[in-house]
Amino acid sequence: MGGGSRPSDHLRPELADEGETSFTSSSTSDYHPDDSLLSASSGITESITGSASEEESAARDNRRWCKAYFDVLRSYRNSAERAGPGDWIEEVGGTTAGDYEVPEAITLLLVGPRGSGKSTLVNRITRVFDDDLSAPDRAQVSHNLSATRGTCFLQEYMIPRKSKSLCIYDTRSLATNLPHDFRLLQRWMTRGVSHGEMVIRDSDDLEMRKNIKSMRRQGLFSPCKRRIVNFVIFVVDGLSVLKSMDAMDDQYNEILFETFNYPFLSFKDNKPAVVVTHGDELSLSERALIRTCLGDLLGIPPIKQIFDIPETMNAGTSEFDTELAIVDMLRYSIEHADRNLAFNQSYLLERIFHWIMERLHGYDVILEVVIISLCIIILFLRGIANLI
11 MGGGSRPSDH LRPELADEGE TSFTSSSTSD YHPDDSLLSA SSGITESITG
61 SASEEESAAR DNRRWCKAYF DVLRSYRNSA ERAGPGDWIE EVGGTTAGDY
111 EVPEAITLLL VGPRGSGKST LVNRITRVFD DDLSAPDRAQ VSHNLSATRG
161 TCFLQEYMIP RKSKSLCIYD TRSLATNLPH DFRLLQRWMT RGVSHGEMVI
211 RDSDDLEMRK NIKSMRRQGL FSPCKRRIVN FVIFVVDGLS VLKSMDAMDD
261 QYNEILFETF NYPFLSFKDN KPAVVVTHGD ELSLSERALI RTCLGDLLGI
311 PPIKQIFDIP ETMNAGTSEF DTELAIVDML RYSIEHADRN LAFNQSYLLE
361 RIFHWIMERL HGYDVILEVV IISLCIIILF LRGIANLI
């Protein structure tokens, strides 16, 4: 399931309008012939009738496309809501689903530079599955980066709110000091993450460290469960990518390249999913250009692995296109998380036992040969002794 190969990409432009309303022909409803047209020739009358018939047929086609579109959207939402950890395990190499260490909840880690829109993405994902449209945003969004510190404590969000099988972690933004960022990422990927955990970078000065510690309330000990990260979602700001492409200084894109290819963010050959934000401030052609260039820069397919998720709608995107992209992105991430689950201890012990027995079986053959050889030598020596 890719970020671009969605049914909404092939819908007629009329379906970009928001809402499940029926489509009617404006030209037919506004048409009011006056008395003079009653005496018109039959050819003109047939032409008008034929035009109205074509418009009615087009309206029926649009309604059929619209119904199919919403059916697909609902099916994707239901599949993402009902999917549990381990549902997409592939039983390959002689393994079964029971051979893997299936977590209580799949944990997806949001990673990205400051201002990339990680907290906004959390709120956007929540709205897709939230039945209460009046509910406030869950994640604190920074609207003025120069006036705030951003997210300084790891935040866990269950998706949907009352779910127990999928959680997304909002993290502190990456800095421009790659070695310090890499140490932080390595700690999260190897030791796991915990809700409310304080995040201090090596590059933070004494004042920043003091301010972050002052915001802590529960002390050094965090009672929340530590979760192992199952997959990574790499969030980038589309505006910054475009500016880095246009300007001579491409520092932003270089940071994206180095961070994305950091080995600890990958699971075997599977690299993170990429989400491009702030597309509502760009044109469709600019958004397509950004995804194409990112695909070339990061070495991943732009349609399958890069997901364009704007914060709000603009002239080129409907609400349902965005919702479909969000569900596509979650499904992609969960599927790849399941494919890279670790083996459980009992399975590993069983495989080790079989390996030892296979090796011992090989030694049995050698021992048998040695014993037979010794027996032959003994008989030969006794024969020589009898002859003497």
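Following this note's numbering, the numbering of the sequence shown begins with 11 at its first residue and continues without gaps. By construction, the Cβ of each residue, glycine as well, lies at the ideal position given by its N, Cα and C atoms.
Looking at C-beta atoms only, is the number of pairs between the region 310-325 and the region 270-285 that lie closer than 8 Å three or more?
yes
Mapping DSSP to helix, strand and coil, what is Val-286?
The residue you call residue 286 lines up with position 276 of the sequence shown. If DSSP states are grouped into helix, strand and coil, Val-286 belongs with the strands.
Taking Leu-292 as the reference, which of Cys-177, Ile-310, Tyr-167 and Lys-253 has the closest Cα?
Locating residue 292 in the sequence shown gives position 282, counting from the first residue. Measuring from the Cα of Leu-292, the nearest candidate turns out to be Lys-253.
For Tyr-167, three-class secondary structure by DSSP:
What you label residue 167 is simply residue 157 of the sequence shown in a count that begins at 1. Three-state result, Tyr-167: strand.
Looking at the secondary structure, which residues open and close the alpha helix (DSSP H) in which Val-132 lies?
Position 122 of the sequence shown, counted from the first residue, corresponds to residue 132. Per DSSP, the continuous alpha helix (DSSP H) segment holding Val-132 begins and ends at 128-139.
Would you call the CB atoms of Gly-125 and Leu-184 closer than 8 Å?
Counted from its first residue, the sequence shown places residue 125 at position 115. Counted from its first residue, the sequence shown places residue 184 at position 174. In this structure, Leu-184 does not lie closer than 8 Å to Gly-125 by Cβ.
The beta strand (DSSP E) that contains Cys-177, what's its start and end?
Walking along the sequence shown from the start, residue 177 turns up at place 167. That run of the beta strand (DSSP E) goes 176-180.
Could you check how far apart the C-beta atoms of Met-208 and Arg-236 are, in whole angstroms? I think they sit under 8 Å.
The residue given as residue 208 occupies position 198 in the sequence shown. The residue given as residue 236 occupies position 226 in the sequence shown. That belief does not hold up - the Cβ atoms of Met-208 and Arg-236 are roughly 14 Å apart, past 8 Å.
So for Pro-23, helix, strand or coil by DSSP?
Locating residue 23 in the sequence shown gives position 13, where the first residue counts as 1. At Pro-23 the pLDDT is 39, less than 50, meaning the model places this residue with poor confidence; the figure from the coordinates comes in the next sentence. Helix.
Beta-carbon proximity list for Ile-300, same chain, < 7 Å, skipping 5 on both sides:
Taking the first residue of the sequence shown as position 1, residue 300 is located at position 290. Closer than 7 Å at the Cβ level, and outside the excluded window around Ile-300, lie Gly-248, Val-251, Leu-252 and Val-286.
So is Thr-117 in contact with chain D if we call contact Cβ pairs under 8 Å?
No chain D appears in the structure shown, which is made up of a single protein chain.
How about Phe-192: is its Cβ closer than 7 Å to a heavy atom in the ligand HEM?
Looking for the ligand HEM in the displayed structure turns up nothing, as the structure carries no ligands at all.
Are the beta-carbon atoms belonging to Phe-277 and His-346 less than 8 Å from one another?
Residue mapping note: residue 277 aligns to position 267 of the sequence shown, counting from 1. Residue mapping note: residue 346 aligns to position 336 of the sequence shown, counting from 1. Yes, they are a contact pair.
Go ahead and pull the three-state DSSP assignment for Val-239.
Mapped onto the sequence shown, residue 239 falls at position 229. The answer is coil: DSSP assigns Val-239 none of H, G, I, E or B.
Which whole-angstrom value is the C-beta distance of Leu-216 and Glu-268, which I expect to be below 8 Å?
For this step, residue 216 is matched to residue 206 along the sequence shown. For this step, residue 268 is matched to residue 258 along the sequence shown. Not really, about 28 Å apart at Cβ, beyond 8 Å.
Does the Cβ-Cβ distance between Leu-195 and Leu-275 come in under 8 Å?
The residue given as residue 195 occupies position 185 in the sequence shown. The residue given as residue 275 occupies position 265 in the sequence shown. Closer than 8 Å, so yes.
Coarse secondary structure for Ser-204, derived from DSSP in three states:
The sequence position of residue 204 within the sequence shown is 194, counting from 1. In the structure shown, Ser-204 sits in a strand (DSSP, three-state: E or B).
Does the region 163-181 come close enough to the region 111-121 to have 3 or more Cβ pairs within less than 8 Å?
Contact holds: three or more Cβ-Cβ distances are below 8 Å.
Can the beta-carbon of Thr-213 be found closer than 8 Å to that of Pro-95?
Locating residue 213 in the sequence shown gives position 203, where the first residue counts as 1. Locating residue 95 in the sequence shown gives position 85, where the first residue counts as 1. Rather than Thr, the amino acid found at residue 213 in this sequence is Ser. Taking 8 Å as the Cβ cut-off, Ser-213 and Pro-95 do not qualify as a contacting pair.
What's the gap between the Cα of Arg-73 and the Cα of Pro-233?
In the sequence shown, the residue the question calls residue 73 occupies position 63. In the sequence shown, the residue the question calls residue 233 occupies position 223. Spanning the two alpha carbons is a distance of roughly 53 Å.
To the nearest whole angstrom, what separates the beta carbons of Glu-321 and Asp-290, a pair I think is in contact under 8 Å?
Taking the sequence shown and counting its residues from 1, the one referred to as residue 321 is at position 311. Taking the sequence shown and counting its residues from 1, the one referred to as residue 290 is at position 280. Between Asp-290 and Glu-321 the Cβ distance is about 5 Å, and since that is below 8 Å, they are a contact.
I'd like to know whether the C-beta atoms of Val-245 and Lys-128 end up nearer to each other than 8 Å.
Within the sequence shown, numbered from 1, the residue matching residue 245 stands at position 235. Within the sequence shown, numbered from 1, the residue matching residue 128 stands at position 118. Going by C-beta atoms, Val-245 is nearer than 8 Å to Lys-128.
Helix, strand or coil for Asn-72? Go by DSSP, reduced to three states.
Position 62 of the sequence shown holds residue 72. Residue state, collapsed to three classes: helix.
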